[in-house]
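Respectively, the protein sequence lines represent chains A and B. For the first sequence, the numbering used here gives the first residue as 21, with consecutive numbering after it. For the second sequence, the numbering used here gives the first residue as 21, with consecutive numbering after it. Idealized CB from N, CA, C, for every residue including glycine. Just so you know, these numbers come straight off a predicted model, no measurement behind them.
There are 2 protein chains.
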Amino acid sequence: MSYQYLTNIPMEEARSKYLKALQERGLNYKVEKVFSVDALDRVTAEAVYAKISTPHYNACAMDGVALDSTLTFGASERAPVQIKDADFTWVNTGDPLPEGYDAVVMVEDVIQDEGHITLYSAAVPWENIRQIGEDISAGDMVVPSYTVITPAIIGAFLAAGVLQVNVITRPLVGIIPTGDELVPLTDEPQPGQIIEFNSGIFSAMLTQWGCAAKRYPIAKDNQSTIEAALRKAVEECDAVILMAGSSAGRKDFAVSAMGSVGEVIVHGIAIKPGKPAILALAENSAGSSVVPVLGLPGYPVAGMLVMEHFFHLVMERLTGRISKNIEFREVEISRRLTSSLKYHEFIRATLGKVGGKVVAVPLNRGAGVVSSMVKADGIIQVPQNVEGYEQGDKIQVQMLRGLEEIESALVITGSHDPLLDEIADIMRRESPGSQVASSHVGSMGGILAIKRGEAHLGGIHLLDEASGEYNIPYLRRFFPDGGVALVECVQRTQGLMVRAGNPLGIKSLSDLVRARYVNRQKGSGTRILIDYLTKQKNIDPATINGYNREEYTHSAVAASIAAGSADAGLGIFSAAKAFGLGFIPIYEEQYDLLVQQDALSSVMVEKLLDILRGEEFSRRLKQLGGYTLDHPGEMRLWN
Amino acid sequence: MSYQYLTNIPMEEARSKYLKALQERGLNYKVEKVFSVDALDRVTAEAVYAKISTPHYNACAMDGVALDSTLTFGASERAPVQIKDADFTWVNTGDPLPEGYDAVVMVEDVIQDEGHITLYSAAVPWENIRQIGEDISAGDMVVPSYTVITPAIIGAFLAAGVLQVNVITRPLVGIIPTGDELVPLTDEPQPGQIIEFNSGIFSAMLTQWGCAAKRYPIAKDNQSTIEAALRKAVEECDAVILMAGSSAGRKDFAVSAMGSVGEVIVHGIAIKPGKPAILALAENSAGSSVVPVLGLPGYPVAGMLVMEHFFHLVMERLTGRISKNIEFREVEISRRLTSSLKYHEFIRATLGKVGGKVVAVPLNRGAGVVSSMVKADGIIQVPQNVEGYEQGDKIQVQMLRGLEEIESALVITGSHDPLLDEIADIMRRESPGSQVASSHVGSMGGILAIKRGEAHLGGIHLLDEASGEYNIPYLRRFFPDGGVALVECVQRTQGLMVRAGNPLGIKSLSDLVRARYVNRQKGSGTRILIDYLTKQKNIDPATINGYNREEYTHSAVAASIAAGSADAGLGIFSAAKAFGLGFIPIYEEQYDLLVQQDALSSVMVEKLLDILRGEEFSRRLKQLGGYTLDHPGEMRLWN
């Protein structure tokens, strides 16, 4: 087994080293001529000058009569002036000004008689006339180089007789996925097969950046195949992305292939995720231009970050499209965040405005967790020489969404139930544009998030062992001074999810000793419930195989059972149903919403309470199954 | 002659009346299924749920050995544990976790020996394993309805086995230009012919809004033709834009055609420009859906504003794409602005950050001036019941560009010379992303703009009658306390531009009495020069035909002469050259740049001074002709 030892070059150094190498080799864009009507959002390759003036003739700007203004001089209410039919011409807006005339009088100001008209005020020379070139003169520069073409600019081009325009060619970027484990898009992958979806993400990013993406077939993991694919792409494209294996493992031939086809400038950057990135270049056989070649790590989040922070600048050079600076905002970080001194770390975060301040909550750092990129509102960057941040620190966050969108979002943090997603969907359908950001951290996580002012509300289902009562005892303990409201949501059935047909014949908790169990994380309501129930029944958790195997959602537990990697797990009916599992009801529990008192009167929370009480919610929950609706949306008194 | 009398409905009332009428008739979007890989920037028509989990199997997250963690319990530096070859399996990242194992130990922590491996620390159960559904579980809602699909969302769809997705169909919007005066795109229009460029602007706007635009041929101005075109478009499209004549003149058949094909909801809105807009609707013959029909005034700026403020909301309903709220910023208005109480007025403005504050400068209000839409950074809205604003008032401006872009722009206001456009272009090519906003208000306008703090710098060429000296006497008069610097730019030749071949044999100013003259506006350096020269030569301006006909730029004067609507005008050589005119040199003048002292050390101004001193500038001016470069970029001492 041999390993590629990577360097650990600081981010800025890697970037400038790479750009310098590309520029020395003459990195440049191509130019093409397109019709101006089709040029929306393209970038001018050079300054564009008007071919004709607009207006291109002296045009009447009103319906009325054109005349020689000197004939009207002295006209007033007391001394109106008559003008003979021979001395004026009726004109419409847009008509050319007839020869010898220098003014147009609006039709409303003209009194028409037999053989003449009467005017009660004098015309000012060149009044109501759009003079040649008033808007644009032939020869004027309409826009300079590197201008992104807008609808108004298209109008100006066409009005100025510029029917075609030289724009920067959209660079063609080849994407080569590599890896024996990869399979083309499918909805029925086998264990060990990884769906090749990264190229879908990267080609969409390239499209957003004004490039054209070309997706090559998956190349198998051997050097000659990868080299051949790379050579072909370098001939055909303006830049190439090679998606390498996800680590420096034994099957990673990307870097040697790149070194053989071109030149590796940087291999290994002090960033996390993304460390194994490769920044390389090659020349096509014509030697006509340098082709940037990027080696991306296999994990999607790592790949996206490397694209954004190392390839974007290259693409700017190739598209002439200078993007806005990355937008940063100062926000408060909700919890302690540690980071290695070895890397510049990028950590996805949700942002939410709760209690008047914007708070960042770090998300799962896993480089493979693509859903975290869907959820992320911003990215916290921890520089290489910084160990992290303390809770409450003010930090700069790179914004992935507009502040307005973030500030208006309803932040839900707590126990997960699919009903929360259904509420979010109903809300969007009934009030388009509304945003819900929800994180699943379990019931205790929700209580703490609301205490810390990170969320407007959260779902909780917490059984108090002493009283057997749900939720309220926890509120009394954690919010002795109030500040929160408890909104009734649903009663739901917790039960044992088992494999379809219940092959192990599990009937109750005591049968779990015969099964491979999969548990929920500590602090979740479901974990508290199973801990309570096993204690009640005198079952030692140590006798249950897999009791310490933890998942974060009901559906993740159900997925493990459905895939055969576990036999049983405690969860809700709708999750079992979604995966076609058996379900043995164990306990009826109260799932409620804990709401910040201050948020209670907000538009979004009021809307949510309306939805809870509405028919659509009840219809959808019936479809999910396993819920009883008593008085959803009603306040529960607790203090 | 008959007129369509219009109503004057307030803006908000017109908008809500129209939306209500459309909603009552069931305005709705259509849905289509597309491949997820092609779904970038489309809008989900419904909530999207995961089909498979990701990971869809328990996957090894590291290269190393998979084993049963219980075998490693108790391992430490002092008490390493040996594990037999039969009890573990070598795995790579992404491999399925072999049956019976519950942990992966990183290869770096494994000491390999003959027949066994040695570990110096215990493995934690489920360590280095990506469990089924860790990212997304089958059945999870990936995104709710009406979500704009991003690259990350495409990744999540593909990873979750969602290969196709229901999105909202891009509505097809038909555009029908009408008018006898309109001609298809050309660069050689005849007088009286108006190039039909509006449909190019509107189809680009629709593309930006997520619609597909269909441009119909120009319909002649008679009711049956327009009706037939409208009926066809209503059958074929989801919405129709009829571009009416620009006024309520005798040839305007749009409203009657709309009333005949469908129903006119509003005709005439209390906005300026845009008053004659028509908001209508129709049904296709299948009666399957209501088709919004918009009648746009013929002037491009009016049309764009009506599109933005009345059709955009309709398009939001048809695309499911809720746009961000229009962004407003508080800025200071640089001069008094009056507006009619009859209308809600939209006034284009440039915005610039000068001396620490953002200032709005209103642009030409002409509804036909498409270049003003290219230049505009923002739009000042003056509500119907407001008479206008006083200089220095803080007003809310609708932003057309980002604040960052505006704040970084170099604002040039003063006398126009094409060299300023060339400087802007050089600047963009040498420092991509840099912005120059220049307005042509003449030399005196430039001095006043800089005094008012509206501009960083401006071109001036002002002859002092008493001393015969250029510029400096004006600075002493207007800036007795300093605060500005004078930067030498060029010497340029002012002369009489005459028709090609000089058919009138004009040799000097005294010949102007035989010609139709076209002048520059008062306050421009060129006007001051001609006033001075005629006075010197005892020529009475009243004897010069057209002395009070005013244009705002050298090239507009040249354009008038080239088009034969005037015989002569004072201007610079490059303008005469661009239009192939004759040129009789009259005077050598000094064209300098007046710069705010505070701006002098800014990056942009320093860059500009570099350009003035550079070779590219000198090369381009040689090409334009008529300039002498002495010490461009040098400071001129004046106080």
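The residues Arg368, Thr370, Leu383, Ala457, Ser459, in chain order, have a CB closer than 8 Å to that of Lys395/B in the same chain once the five nearest residues on each side in sequence are set aside. Across the stretch 222-249 of chain A, CB contacts with chain B closer than 8 Å involve Phe222, Ser223, Ala224, Met225, Thr227, Gln228, in sequence order along the chain. Within chain A, the C-beta atoms nearer than 7 Å to that of Phe217/B come from Gly175, Leu178, Ala179, in chain order.
Straight-line measurement puts the Cα of Pro209/B at about 12 Å from the Cα of Phe217/B. In this structure, the beta-carbon distance from Val125/B to Thr90/B does not fall below 9 Å. Sorting Val510/A, Pro211/A, Phe498/A by C-alpha distance to the C-alpha of Leu644/A places Val510/A at the top.
Secondary structure of Lys642/B (DSSP, three-state): helix. Not a single CB atom of chain B sits nearer than 9 Å to the CB of Met278/A. Between the alpha carbons of Leu262/B and Ala277/B lies a gap of roughly 10 Å. Identification of residues in the stretch 601-630 of chain A having a C-beta nearer than 8 Å to some C-beta of chain B yields an empty set. In its chain, beyond the 5 residues on either side, Asp155, Ile156, Ala179, Ala180 have a beta carbon closer than 7 Å to the beta carbon of Thr74/B. Between the alpha carbons of Leu482/A and Leu423/B lies a distance of about 48 Å. Beta-bridge partners of Ser459/B (DSSP): Thr433/B.
Annotation: the continuous beta strand (DSSP E) that includes Val507/B extends over 504-518.
Judged by DSSP secondary structure, Tyr552/A falls within the alpha helix (DSSP H) whose first and last residues are 545-556. At a Cβ-Cβ threshold of 9 Å, Val311/B and Ala248/B do not count as neighbours. Lys373/A and Glu352/A have their C-alpha atoms roughly 10 Å apart.
In terms of CA proximity to Glu407/B, Ser360/B leads the group Ser360/B, Val390/B, Arg385/B. Rounded to the nearest angstrom, the Cβ distance from Gly434/A to Val390/B is 54 Å, too far for a contact under 8 Å. Separation of Ser544/A and Leu613/A (C-alpha to C-alpha, rounded to the nearest whole angstrom) is 15 Å. Two segments are said to touch when three or more pairs of C-beta atoms, one from each, lie closer than 8 Å; by this definition the stretch 529-537 of chain B touches the stretch 558-565 of chain B. If you check each beta-carbon in the stretch 147-162 of chain B against every beta-carbon of chain A, the ones closer than 8 Å belong to Arg150, Gln151, Ile152, Gly153, Glu154, Asp155, Ile156, Ser157, Ala158, Gly159, Asp160, Met161, Val162. Excluding residues up to 5 positions away in sequence, Gly602 lie with their Cβ nearer than 8 Å to the Cβ of Gly521/B in the same chain. Selection Leu553/A, Ser451/A, Lys542/A, Gly398/A evaluated against Ser165/B yields Ser451/A as nearest (Cα-Cα). When Cβ-Cβ separations below 9 Å define contact, Phe599/A makes contact with chain B. Ranking Phe366/A, Gly386/A, Asp58/A, Arg356/A by CA distance to the CA of Gln404/A puts Phe366/A first. Taking CB atoms only, His76/A has a neighbour in chain B less than 9 Å away.
Beta-carbon to beta-carbon, Leu440/A and Ile446/A are separated by about 11 Å, too far to satisfy the 8 Å threshold.
For Pro523/B, there is no enclosing beta strand (DSSP E), since its DSSP letter is neither H nor E.
Among the bridge pairs identified by DSSP, Thr358/B is matched with Gly408/B. Contact between Ser305/A and Glu255/A holds: CB atoms are separated by about 6 Å, below the 8 Å threshold.
Using a C-beta cut-off of 8 Å, the stretch 28-44 of chain B makes no contact with the stretch 122-138 of chain B, since fewer than three inter-stretch Cβ pairs fall below that distance. Cβ contact annotation for Glu66/B (same chain, cutoff 7 Å, sequence separation greater than five): Ser165, Asn186, in chain order. Within the stretch 569-580 of chain A, the residues whose Cβ lies closer than 9 Å to some Cβ of chain B are Arg569, Glu570, Glu571, Tyr572, Thr573, His574, Ser575, Ala576, Val577, Ala578, Ala579, Ser580, listed in chain order.
Nearest Cα to Pro145/A within the set His364/B, Ser354/B, Arg569/B, Gln610/B: Arg569/B. For the stretch 24-76 of chain A, the full-length beta strand (DSSP E) segments reaching 3 residues or more read 51-55 along the chain.
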